[in-house]
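Participant: Per the numbering used here, numbering through the sequence shown is continuous, rising by one, with the last residue being 1204.
Below: one structure in structure tokens.
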Amino acid sequence: MSSPPRRAWFPARVLAAWLVLLWGACLPPPALAADPGSAADATPPLRDYAIDMWTSRNGLPHNSLRAIAQTPEGHLWFATWEGLVRYNGLDFIVYDRGSTPGLLDNGVGALHVDSDGALWISDSRGNVLRRALDGRWDGWPRQAPAPEVLIQAMRKDSKGRLWLLYEGRGVGYLSADGEFVFEPPPPGVPMGMTHTWMEVDAQDRVWVGTLDGLVVRGTDGVLRRVPDDYGLSHGVVWPYRAPDGVLWIVADGALYRLQGDRPQLVRRLPGITHATAMLQDRHGDLWLGTENQGLFRVGNHGVEHMPDARMPPRGRIVSLLEDAEGSIWAGANGGLYRLRETLFSSYTRSDGLSGDYARALLEDDRGRLWIGGASGLDRMERDGRIAPVPLRNRAGKPPSILSLARDGAGDVWAGTFGDGVFRIAAGSDRVSHFDAADGLPGGNVRVMAADHGGHGVWLGTQRGVVRIEDGRVQVPATPGLPTGLVTALYSADDALWIGTIEGVRVLRGDGVQRLALDELGGGRSVFGFLQIGNAMWIASDRGLYRYRDGKLARVGLEQGMPVDTVFQMVPDRLGNVWISSNRGVLRTDMRALEDVADGRSPKLAVERYNEIDGMSNAQANGSTGPSALLRRDGTFWVATAGGVSTVDPLRLLRFRERLPPPAVIEGVSVDGVPVRWQGTQRNSLPGGRRVTVDYVGLSYLMSDRIRYRTWLEGLDKGWIERGGQRSVEFLGLPPGDYTLHISAAHPGGHWSGSGAAWSFTVEPRLWQRRDVQAGAVVLLLLALVALYRYLIHRHETRSIRLAQQVAERTADLREQAERLLAANQEKAALAERLREQADAFERQAHEDPLTGLPNRRAFDEGLARDFARSQRSGQPLCLVALDIDHFKRVNDTWSHSVGDQVLREVARLLAASSRDSDLPARLGGEEFALLLNDTTLEEAELVCMRLRGLFHSQRSWAGIDDLRVTFSAGLALLGPGDRTPTLLFQRADKALYQAKSEGRDRICLG
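Structure, rendered in structure tokens:
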């Protein structure tokens, strides 16, 4: 369930203007022309695009994608040899001969979306299908004399004819009335060597690229080679009609544009052979797919080639598409690729870094970026070129760089892993080296800080802080300074701030102050400092701390920070604050941080960025430094475990302005049976049924982050937010008319305006219909009259028979006495059976029918009994409240029957872990309890841990291999403050809630 343009350090607009001038010299207007400034802003270099890939391992039925299309509602469609595939950003839905609706043949040849939004599908046997925008399917099986071969391409002309390119056989069309017309090629026309593409221009001329030149069907209806004076070779030719109507031709390593009736050379494409796909994007740039050379782009950045390291050639690129969000999709013989512009850009080894594991960043006074990592030190020049800095340790190899600093003289210092410190002199790049022979403590130099206002440099080592000034190593002897690992340094005014794995020390003159972070939130390890005004911000393993006017404030997990450990805090010039962490880069704003730290706001709004946003690796590095910085041009840079990532905060506005994803309904079912819901007709549903609606937001950039809301007009009073939930269910709706509205939004973005809507009517059930109710009233009145007459008649009959009965009763008294005696005996037997049933009912009232454990009623009685006994005897009493973790996911994934079996197995383990004097019980759902008599808290903890071990050791639950079931538990010991059993239970339940909030699969004491 996106990468921004990279910034070059040669002046950006000068470079862009130079490229545009060079491009303009090669292109006659208006071919591929664009405004230089806007083009530089709109299209990043090709290497800056993020690339995603899907294959059959990700749900595609086949790795060769012959065509890609997008229908107006937003779905993407892929043509493969194993069926037609629909994609919504999360799921691949395959249509083939076995699906409903089904295809006429699995081998899909081409796709075409017409002006009505209908999707046309051709197959390998000459058949054509059409899927209308409302979901209706129509088919046209092949008709002779059309050949039974693959239809390679489809295009509609202005007369409504659907032109078809038959593989190796010629062209034809499907007329508006559904008739196939086939036009075999005349002699000498090389249609037996057709390529896979055909275009129809504005004059309804049909252009076909072949392996032996370009063929055109003119307005006279004759198929012929193009004239020799076109200047095109008799080799591979590829025609393409762009969205603006311009016909482009790629032939013999050159790009042509059709001007009138003649192709005009636009640009030579040296080295590019055998074009197999072409696309003009919204910026006017042309994309070229090739047979075996990968992907090229021709535009304001010149002719660019996607590096093989980022998009390895996997055979022919067969299809190209730009979707509604501006991403480029490429279908190849080896899978599906998506190139997308993202917020972040990244630099890795493939861009010239010595290695991908970066640790420290530094910008010098000449605007060059120094990058330290596990494979050595690199320097990025202002024009973007990266070159290694020739440092060598005593073994002759590049040292592993942990930290960087720049002193007052402009010299760059590099701290290493076990190889001391290097100094690179400003201007001359002369290298000096300090190690143990110079008095430097052995081990690592993780952090450094230039002396504030001086030329010395402070070093953080594994044995405390060290200072180097005038070429001499000095080890301060000030009492109170740390003697162990130093993880952060910051020189500010008259103080040196020192971060360690045991908190903060501040060196002022001859005195050392300790800041007790652990007393506020438990912070210990410190990774970074930043002074803003009169406040010092501290990055730690418990979030951010602020020290101001002698007081500490904290902004951590409890205040909305999504992670505990943060490494470095970097404000930009727009009010944003960027924070690096092990789980991506976080962004908030300075005002919000201050409000939370001051207590004016309880929660901090934070947005997190990771690989999906263009970072090469979401793991930023810490305890080295500086691991993140703001450069002079306002861009934010961060060192990660996969290279260096950067973002221009100015681009945030562009990404925030991205349109919300359109919400579409993907399916409707009633009592689990799919129903046809598309079309203008209002659906009529029987009452008392379960209605389920599946929906999705059609965005392919942040599909798994889309938020949803629904509003059932006719029932709900307003919108109901559903989070990431992609279906909604209604049970037993009252009769009436309803309209379900669905809206979607990107994280932090606006909700889609119109959204998806489905109108339906719930019909009343039989007893809810007015005519049935009126008929029932009439029948009731008639029944009352009949009953009255019957009662009168019965009274008269009884009066007549009364005298006879008195006489007959007198004669039968003795016989009746005997019957009464027999009846008494039967009553005694019946009473015995009733007593046995009462005992059974008593057991049922105290026993859970699913698991066989005592139920909540039995548990409450046992708790009250043992509570009173424990208070009288003084013996310890422990109560454990358990809850099965993510049990709903088991039901949703495997079915409720599997969930019931899991509950039985949980009950079995619970009973097996209990003594005869203990009371295990199921309180309801996935909630259980265990009452431990005469058990201390330590013994109860051992019982819980043993039970937890049984859960972990069980590898199969409900007969399903690798199904893992865990529980969260709260444990409480009866104490003096527990005046009632309820108070004891509440403490255990509160501890259970703590265990679930801390991540589940744990036991907390209450």
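For each residue, glycine too, the CB sits at the ideal point set by N, CA and C.
Note that the structure is a prediction, hence the values are computed from the model and not measured.
(1) Classify Pro-339 as buried or exposed, calling it buried when 16 or more other Cβ atoms lie within 10 Å of its own Cβ.
(2) Within 10 angstroms of its Cβ, does Val-975 collect 16 or more other Cβ (buried), or is it exposed?
(3) Report, in whole angstroms, the separation of the C-beta atoms of Leu-244 and Glu-523, which I expect to be a contact under 8 Å.
(4) How would you write the range of the beta strand (DSSP E) that His-944 sits in, first residue to last?
(5) Sort Gly-841, Val-970 and Tyr-285 by Cα distance to Arg-547 and report the nearest one.
(6) Take every Cβ of the stretch 1067-1078, pair it with every Cβ of the stretch 1128-1137, and state whether three or more of those distances are shorter than 8 Å.
(7) State the start and end residues of the unbroken beta strand (DSSP E) segment that holds Glu-805.
(8) Once you ignore the five residues that flank Gly-820 on each side, which residues in its own chain have a CB closer than 6 Å to its CB?
(9) What is the C-beta distance between Arg-1198 and Asp-1083, in whole angstroms, given that I count them as a contact (C-beta under 8 Å)?
(10) Can the beta-carbon of Ala-267 be found less than 8 Å from the beta-carbon of Trp-279?
(11) Which residues does DSSP list as the beta-bridge partners of Glu-717?
(12) Does the Cβ of Lys-354 have 16 or more other Cβ atoms within 10 Å, making it buried, or fewer, making it exposed?
(13) Is the beta carbon of Arg-359 closer than 8 Å to that of Ala-188?
(14) Determine the DSSP secondary structure at Pro-872, reduced to helix, strand or coil.
(15) Note the first and the last residue of the continuous alpha helix (DSSP H) segment covering Tyr-986.
(16) Looking only at its chain, what residues have a beta carbon closer than 8 Å to the beta carbon of Tyr-1191, apart from the 5 residues adjacent to it on each side?
(17) Taking the DSSP output, what are the residues bridged to Lys-749?
(18) Take the Cβ of Thr-676 as the centre, count every other Cβ of all protein chains shown within 10 Å, and call the residue buried at 16 or more, exposed below.
(19) Mapping the DSSP letters down to three states, classify Gln-766 as helix, strand or coil.
(20) What are the start and end residues of the alpha helix (DSSP H) that includes Asn-1089?
(21) How is His-1044 classed by DSSP in three states: helix, strand or coil?
(22) Tell me where the beta strand (DSSP E) around Ala-1193 begins and ends.
(23) In the DSSP assignment, the alpha helix (DSSP H) including Gly-337 goes from what residue to what residue?
(24) Alpha carbon to alpha carbon, how far is Ser-897 from Asn-286?
(25) Quick check: Leu-412 and Leu-430, are their CB atoms within less than 8 Å of each other?
(26) Would you list the residues sitting across from Ser-320 in a DSSP beta bridge?
(27) When you compare the CB positions of Met-396 and Thr-408, do they come within less than 8 Å of one another, or not?
(28) My output table needs one value for Ala-206: the three-state DSSP class, helix, strand or coil.
(29) Please identify the residue among Leu-931, Ser-723, Trp-965 and Leu-772 whose C-alpha is closest to the C-alpha of Thr-763.
(30) Determine, using beta-carbon pairs with one atom in the stretch 631-639 and one in the stretch 665-673, whether at least three such pairs fall under 8 Å.
(31) For Arg-180, tell me which candidate among Asp-811, Pro-824, Arg-830 and Ala-839 has the shortest Cα-Cα distance.
(32) Assign Lys-595 to one of three DSSP states: helix, strand, or coil.
(33) Counting only the same chain and skipping the five closest in sequence on each side, list residues whose C-beta sits under 6 Å from that of Ser-957.
(34) In whole angstroms, give me the CA-to-CA distance for Val-655 and Asp-605.
(35) Does the beta-carbon of Ala-1186 have 16 or more other beta-carbons within 10 angstroms, so that it is buried, or is it exposed?
(36) Alpha carbons only, please: which of Thr-822, Val-753 and Ala-475 is nearest the one belonging to Val-643?
Facilitator: Reading from the atomic positions:
(1) exposed
(2) exposed
(3) Leu-244 to Glu-523, Cβ: 18 Å. No contact.
(4) No beta strand (DSSP E) contains His-944, which DSSP labels as neither H nor E.
(5) Gly-841
(6) yes
(7) 805-807
(8) Phe-725 and Phe-765
(9) 4 Å
(10) no
(11) DSSP output for Glu-717 lists no bridge partner at all.
(12) buried
(13) What is shown of the chain runs 199 to 1204, which leaves residue 188 out entirely.
(14) strand
(15) 968-1009
(16) Gly-1168
(17) Arg-746
(18) exposed
(19) strand
(20) 1085-1092
(21) helix
(22) Premise fails: Ala-1193 lies in the alpha helix (DSSP H), 1179-1195, not in any beta strand (DSSP E).
(23) Segment 335-338 is the beta strand (DSSP E) holding Gly-337; no alpha helix (DSSP H) there.
(24) 8 Å
(25) yes
(26) Ala-308 and Val-326
(27) no
(28) Confidence at Ala-206 is low in this model, with a pLDDT of 32, below 50, so its placement is unreliable and the value that follows should be read with caution. In the structure shown, Ala-206 sits in coil (DSSP, three-state: anything other than H, G, I, E or B).
(29) Ser-723
(30) yes
(31) The structure shown does not extend to residue 180, since the chain is modelled only from 199 to 1204, so the question has no answer here.
(32) coil
(33) Arg-880 and Thr-937
(34) 7 Å
(35) buried
(36) Thr-822
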